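Enquirer:
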Amino acid sequence: MTKKNKEKTKWLLILFLAIISFILAFMTQQLLFNFIAIGLAICVYKFGNPILFKEYDARRKKKYEEAMQVRNAARTVIVNKKLFKK
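Residues 17 to 102 (our numbering) make up the sequence shown, in order.
(1) May I have a chain-ordered list of the alpha helix (DSSP H) segments no shorter than 4 residues that lie completely inside the stretch 21 to 97?
(2) Quick check: the Cα distance between Ser-37 and Lys-78, rounded to an integer number of angstroms?
(3) With the cut-off set at 9 angstroms, would you say Gly-64 and Leu-31 are in Cβ contact?
(4) Do three or more CB pairs link the stretch 74 to 90 to the stretch 40 to 58 at distances below 8 angstroms?
(5) Report buried or exposed for Leu-47, applying the criterion of at least 16 other Cβ atoms within 10 angstroms of its Cβ.
(6) Can you tell me whether Ala-90 is buried or exposed? The criterion is at least 16 other CB atoms within 10 Å of its CB, across all chains shown.
(7) Quick check: the Cα distance between Thr-18 and Gln-45, rounded to an integer number of angstroms?
Next up, the structure:
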């Protein structure tokens, strides 16, 4: 296993533990499991997100930039009122 795969596996395991803790807290009404789930979720969000969702975030950022280009082009056409004029 490469280092990247080990990191991803580690964060997936921590995310799985957070989900299990949430389910246990929901089923048993124990406050301790809520704190564990929240703590693990915060750790995954802050430190594991760039590792787990790197490709997804890159695709989302690219789509956002393309949408902003279209929006800016539409805004320019509307402001200049040159859609069909020559």
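Beta carbons are placed, not taken as given, at the ideal position from N, Cα and C, and that holds for glycine. In this text the structure is predicted, and so the values were computed from the model without any measurement.
Expert: Let's see:
(1) Counting only runs of 4 or more, we get 47 to 59, 65 to 68, 70 to 96.
(2) Within the model, the alpha-carbon separation for Ser-37 versus Lys-78 is close to 34 angstroms.
(3) Yes; because the gap between Cβ atoms is below 9 angstroms, this pair is in contact.
(4) Flag = no, the stretch 74 to 90 and the stretch 40 to 58 do not touch.
(5) Of the residues assessed, Leu-47 falls on the exposed side of the cut-off, its CB having fewer than 16 other CB atoms within 10 angstroms.
(6) When all chains shown are included, Ala-90 counts as exposed.
(7) Going by C-alpha positions, Thr-18 is about 40 angstroms away from Gln-45.
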